[in-house]
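A.B. asks: Read left to right, the sequence shown gives residues 187 to 341 (our numbering).
Every residue, glycine too, gets a C-beta built ideally from N, C-alpha and C.
Handing you this structure, nothing more for now.
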Amino acid sequence: MELRTTKDGEEFICVDGHRRLRALKDLGVENAVCQIRIYKKDVEDRLTEMLTSDIKESFHILDKARIAFKLKQLGKTVKDIAKIFQNDDNYIYKIIRLNKIPKDGKKLVFENKDKLNAKFLIKYIASRNLTETDIMRVLNERLFNKPKKSSNKKY
């Protein structure tokens with residue numbers, strides 16, 4: 187979940203209630219009251235715990251990307267992160283690249299989950315080394331351009 191940061195840049199990660207928060211966002215609710223708890227556990231331990239629990243599958247691909255990126259910032263290697271995610275190194279490199287999607291792009295992704303799904307994001311965004319401008323172009327093309335029909339006319 188994308189949550190605002192504090193003035194000093196501190197990030198918050200929604201641990202409990204992320205499904206409710208996502209549902210509110212899907213309904214168009216822009217602000218919601220929440221309770222912020224500071225866990226005594228180390229951030230790295232808490233993120234790892236979240237990913238090894240049964241709620242892991244309910245995270246959106248961009249949430250997973252943010253968690254993987256945060257773990258990397260905390261000093262975890264890609265191999266370590268791959269073990270936590272129970273996936274291969276290549277997948278981790280790709281989802282970490284999804285953090286390059288600009289804020290407007292992330293908004294488009296969450297508003298158009300059917301067209302901009304995880305498979306599309308990994309294939310067309312994460313598998314390439316794109317600039318933010320290129321990322322927005324790819325997302326907009328997927329949403330607003332109709333695919334060209336192939337000409338299968340028999341002469």
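Within the chosen definition, does the region 270 to 279 reach the region 204 to 222 through at least 3 CB pairs nearer than 8 Å?
C.D. replies: Short answer: they don't touch.
A.B. asks: Is it buried or exposed for Val324, if we count other Cβ within 10 angstroms and need 16 for buried?
C.D. replies: For the purposes of this step, residue 324 is taken as the residue at position 138 of the sequence shown. That one is buried.
A.B. asks: Assuming Phe294 and Leu329 are in contact, meaning their beta carbons sit under 8 Å apart, how far apart are those beta carbons, in whole angstroms?
C.D. replies: Counting from 1 along the sequence shown, the entry for residue 294 is found at position 108. Counting from 1 along the sequence shown, the entry for residue 329 is found at position 143. The amino acid occupying residue 294 in the given sequence is Leu; Phe does not appear at that position. Confirmed, about 7 Å.
A.B. asks: Alpha carbon to alpha carbon, what distance is there between His246 and Tyr310?
C.D. replies: Along the sequence shown, read from residue 1 onward, the residue named residue 310 stands at position 124. Along the sequence shown, read from residue 1 onward, the residue named residue 246 stands at position 60. Tyr310 and His246: Cα-Cα distance of roughly 17 Å.
A.B. asks: Count the other CB atoms within 10 Å of the CB of Ala254; is the residue buried (16 or more) or exposed (fewer)?
C.D. replies: Within the sequence shown, the letter at position 68 stands for residue 254. It counts as buried.
A.B. asks: Taking all protein chains shown into account, decide if Thr342 is buried (16 or more other Cβ within 10 angstroms of its Cβ) or exposed.
C.D. replies: No answer is possible for residue 342: it lies beyond the span of the chain, which begins at 187 and ends at 341.
A.B. asks: Of the choices Asn298, Leu316 and Lys299, whose alpha-carbon is the least far from that of Lys280?
C.D. replies: Mapped onto the sequence shown, residue 280 falls at position 94. With distances taken between Cα atoms, Lys280 lies closest to Leu316.
A.B. asks: Whole angstroms is fine: what's the gap from Leu284's alpha carbon to Asp266's?
C.D. replies: Taking the first residue of the sequence shown as 1, we reach residue 284 at position 98. Taking the first residue of the sequence shown as 1, we reach residue 266 at position 80. So the two alpha carbons sit approximately 19 Å from each other.
A.B. asks: Taking only the alpha-carbon atoms, compute the straight-line gap between Gln259 and Ile282 and give it to the nearest angstrom.
C.D. replies: By 1-based counting over the sequence shown, the position of residue 259 is 73. By 1-based counting over the sequence shown, the position of residue 282 is 96. Approximately 11 Å between the Cα atoms of the pair.
A.B. asks: Smallest Cα separation from Lys286: which of Ala251, Arg208, Glu327 and Ala209?
C.D. replies: Here residue 286 refers to the residue found at position 100 when the sequence shown is read from its first residue. The candidate whose alpha carbon is nearest that of Lys286 is Ala251.
A.B. asks: What is the residue span of the alpha helix (DSSP H) that Val215 lies within?
C.D. replies: Looking up residue 215 in the sequence shown gives position 29. Per DSSP, Val215 belongs to no alpha helix (DSSP H) and is neither H nor E.
A.B. asks: Thinking just about the alpha-carbon of each residue, which of Leu213, Asp231, Lys299 and Ser244 is nearest to the one in Gly203?
C.D. replies: In the sequence shown, counting from the first residue as 1, residue 203 sits at position 17. Taking only the C-alpha atoms, the option nearest Gly203 is Ser244.
A.B. asks: Should Ala312 go down as buried or exposed, given a rule of 16 or more other Cβ atoms within 10 Å for buried?
C.D. replies: Counted from its first residue, the sequence shown places residue 312 at position 126. It is buried - the Cβ of Ala312 has at least 16 other Cβ atoms within 10 Å.
A.B. asks: Go ahead and pull the three-state DSSP assignment for Gln259.
C.D. replies: Taking the first residue of the sequence shown as position 1, residue 259 is located at position 73. Helix, per DSSP.
A.B. asks: Would you tell me roughly how many angstroms separate the C-alpha atoms of Thr263 and Glu297, rounded to the nearest one?
C.D. replies: The residue given as residue 263 occupies position 77 in the sequence shown. The residue given as residue 297 occupies position 111 in the sequence shown. Cα to Cα, Thr263 sits roughly 32 Å from Glu297.
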